[in-house]
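Enquirer:
Residue numbers (our numbering), protein chains in the order written: chain A, 286 to 440; chain B, 31 to 215.
(1) Residue 334 of chain A and residue 194 of chain B - do their beta-carbons sit closer together than 8 Å?
(2) My understanding is that residue 298 of chain A touches residue 331 of chain A, with C-beta atoms under 8 Å, so please give their C-beta distance in whole angstroms.
(3) For the alpha helix (DSSP H) holding residue 193 of chain B, just list the boundary residues, first then last.
(4) Spatial neighbours of residue 415 of chain A within its chain, please: CB distance less than 6 Å, with the 5 preceding and 5 following residues excluded, ordered by chain position.
(5) Who are the neighbours of residue 148 of chain B on chain A, taking C-beta pairs under 8 Å?
(6) Tell me which residue opens and which closes the alpha helix (DSSP H) that residue 290 of chain A is part of.
(7) Please tell me whether residue 170 of chain B has its Cβ less than 8 Å away from any Cβ of chain A.
(8) With 7 Å as the limit, tell me which residues of the stretch 40-65 of chain B have their beta carbon closer than that to any beta carbon of chain A; keep them in chain order.
(9) Do residue 52 of chain B and residue 34 of chain B have their C-beta atoms closer together than 8 Å?
(10) Hey, could you find the ends of the alpha helix (DSSP H) residue 100 of chain B is sitting in?
(11) Answer with yes or no whether the minimum CB distance from residue 385 of chain A to chain B is below 8 Å.
(12) Distance check for residue 429 of chain A and residue 346 of chain A, CA to CA, integer angstroms please.
(13) Taking all protein chains shown into account, decide if residue 162 of chain B is buried (16 or more other Cβ within 10 angstroms of its Cβ) or exposed.
(14) Could one say the Cβ of residue 202 of chain B lies closer than 8 Å to chain C's Cβ atoms, at least one of them?
(15) How many whole angstroms separate the CB atoms of residue 349 of chain A and residue 61 of chain B, which I take to be in contact at a CB cut-off of 8 Å?
(16) For residue 289 of chain A, does the count of other Cβ atoms within 10 angstroms reach 16, so buried, or fall short, so exposed?
(17) Would you say residue 82 of chain B faces chain A, with C-beta separation under 8 Å as the test?
(18) Taking 8 Å as the threshold (beta carbon to beta carbon), is residue 206 of chain B in contact with chain A?
(19) Do residue 64 of chain B and residue 77 of chain B come within 8 Å of each other at the CB atom, strictly closer than that value?
(20) Could you check how far apart the C-beta atoms of residue 172 of chain B and residue 59 of chain B are, in whole angstroms? I think they sit under 8 Å.
(21) Only counting the same chain, and skipping five residues up and downstream in sequence, which positions put a Cβ closer than 7 Å to that of residue 42 of chain B?
(22) Measuring only the C-alpha atoms, how far is residue 308 of chain A from residue 115 of chain B?
(23) Using only alpha-carbon positions, find the residue among A:300, A:427, A:343, A:313 that is nearest to residue 368 of chain A.
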C-alpha cells in the first residue's frame, strides 16, 4: 500500500489538487480504509460549506445604499460643474484684463508708442498691480479648493 | 454584450440606472462575501454601502476589458481589510478565542436552529480568522477555482492552496471541539 495521503485529503475534497496529486489520492484511498473514511468526512464538510445559509442584504440596506450613491454622484457632478465655472470665470477675467489693457492703450494712442519703446514705469506698475491682484485671488481660490474636499470627508 | 460593462459605462456617465443594474446582479454575492470576511452583520452592512460608494466614485478606473465582479470584490476586500486592521491590529490570520459552548438553558429556538447542520457550520466558520473565512467563502460559496482564488487574494498559487488547507483544518478542529462526538459530520 502506498504512503498515507492525509495532508492531501482536505484539498482533494475542496477540488484544489492538480491532476497528479488527485490521482495519487484516488489510488491510495481505494486501498486504505482509514484514508477513505477521512476523505468521506472532508467531502461532507466541503459539501456543507457549499450549502451554508446564504445571507442577503435587506431591501432597506439596498435602498439606503442606492440613495447614498445617488447623493454622492450628484455632489461630485456639482463640484465638477463648479470647478468648470470657476475655470471659465478665471480665464474670462484674465482675457478681459489683457484686452482692456490693450484697448486702453489703443484708444489713447499709447500702443504705437509702447511698441516703439521699452515698457515705462506707469505700465510696469499697472502690470504689477494686476498680477498681484490675480495672485491673491489664485491663492484664495486654492485655499478654498482645499477646504471643500476636507468638508466632504467630514460629511 | 456584457450587461456589467454596459452598466459600468452608464454609471461612468453619471447615470444611476447603471448602478441599479450592477447592484441587482452583484449585491447578494458581495454582501455574503463581506459578511464572511467581516464576521459581523452591522460591519458588513457598512462595508457594503462603502463599497458601492467607492465603486461609483472610482468607476473611471475600472478597465472595461476585464470582468466587473473581480474589480468590485477587490474594492470591497481593500475596504474590509482596512477596517479589520483598524479594529484588530493583531494578524488577520489569527483566530479569535473560542466562544464558550451554549449553555443548556439557552433559548430553545436558538438551540434548535443551531442544531441544523448549515447553521452550525456557518457559526463555526464565523469563529475563524478573517482570512480563513474569506478563503472558504471564495472557494465554496463563490465557487472560484484555485487559480482564480489566488488571483482574487493576490497571492501565488501555492500560498492560496496553503491558506485553503489551513482554513479547512482549523474549521474541522473547531467543529470537533464544539460539537458532541461525531455530530459535526
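For each residue, glycine too, the CB sits at the ideal point set by N, CA and C.
Expert: Let me lay it out:
(1) For the purposes of this step, residue 194 of chain B is taken as residue 164 along the second chain, with counting starting at 1. For the purposes of this step, residue 334 of chain A is taken as residue 49 along the first chain, with counting starting at 1. Not a contact, by the Cβ cut-off of 8 Å.
(2) Taking the first chain and counting its residues from 1, the one referred to as residue 298 of chain A is at position 13. Taking the first chain and counting its residues from 1, the one referred to as residue 331 of chain A is at position 46. Confirmed, Cβ separation roughly 4 Å.
(3) The count along the second chain starts at 1 and reaches residue 193 of chain B at position 163. Membership of residue 193 of chain B in the alpha helix (DSSP H) is indicated by the continuous run 187-208.
(4) Numbered from its first residue, the first chain carries residue 415 of chain A at position 130. Excluding sequence neighbours, residue 415 of chain A sits near 382.
(5) Position 118 of the second chain, counted from the first residue, corresponds to residue 148 of chain B. Going along chain A in sequence order, the residues near residue 148 of chain B (Cβ under 8 Å) are 333, 336, 337, 338.
(6) Position 5 of the first chain holds residue 290 of chain A. Run containing residue 290 of chain A: none; DSSP gives neither H nor E here.
(7) Sequence index remark: in the second chain, residue 170 of chain B carries index 140 (1-based). Cβ-Cβ to chain A under 8 Å: yes for residue 170 of chain B.
(8) Within the stretch 40-65 of chain B, the residues whose Cβ lies closer than 7 Å to some Cβ of chain A are 44, 46, 49, 50, 53, 57, 58, 61, 62, 65, listed in chain order.
(9) One-based indexing of the second chain puts residue 52 of chain B at position 22. One-based indexing of the second chain puts residue 34 of chain B at position 4. Between residue 52 of chain B and residue 34 of chain B, the gap from beta carbon to beta carbon is short of 8 Å.
(10) Residue 100 of chain B sits at position 70 when you count from the first residue of the second chain. Residue 100 of chain B -> alpha helix (DSSP H) spans 98-117.
(11) If you number the first chain from 1, residue 385 of chain A lands on position 100. So no, residue 385 of chain A is outside the interface.
(12) Indexing the first chain from 1 puts residue 346 of chain A at position 61. Indexing the first chain from 1 puts residue 429 of chain A at position 144. Taking the straight line from one Cα to the other gives about 35 Å.
(13) Taking the second chain and counting its residues from 1, the one referred to as residue 162 of chain B is at position 132. Looking at its Cβ environment, which holds 16 or more other Cβ atoms inside 10 Å, residue 162 of chain B is buried.
(14) As a matter of chain content, chain C is missing from the structure shown, whose protein chains are A and B.
(15) Along the first chain, one-based indexing puts residue 349 of chain A at 64. Along the second chain, one-based indexing puts residue 61 of chain B at 31. With a Cβ gap of about 13 Å, residue 349 of chain A and residue 61 of chain B do not count as contacting.
(16) Counted from its first residue, the first chain places residue 289 of chain A at position 4. Per the 10 Å Cβ criterion, exposed.
(17) To locate residue 82 of chain B, count along the second chain from 1; it is residue 52. Residue contact check for residue 82 of chain B against chain A: a CB pair falls below 8 Å.
(18) As a first step, residue 206 of chain B is located in the second chain; it is residue number 176 there, counting from the start. Chain A contact via Cβ: absent.
(19) Translated into positions along the second chain, residue 77 of chain B becomes position 47. Translated into positions along the second chain, residue 64 of chain B becomes position 34. If you check the CB distance, residue 77 of chain B and residue 64 of chain B come in under 8 Å.
(20) On the second chain, position 142 is the one that residue 172 of chain B refers to. On the second chain, position 29 is the one that residue 59 of chain B refers to. That pair is a contact at about 7 Å.
(21) In the second chain, counting from the first residue as 1, residue 42 of chain B sits at position 12. 89, 90.
(22) Working through the first chain from its first residue, we reach residue 308 of chain A at position 23. Working through the second chain from its first residue, we reach residue 115 of chain B at position 85. Whole-angstrom Cα-Cα distance: 41 Å.
(23) For the purposes of this step, residue 368 of chain A is identified with residue 83 of the first chain, where counting begins at 1. Among A:300, A:427, A:343, A:313, the Cα nearest to that of residue 368 of chain A is on A:427.
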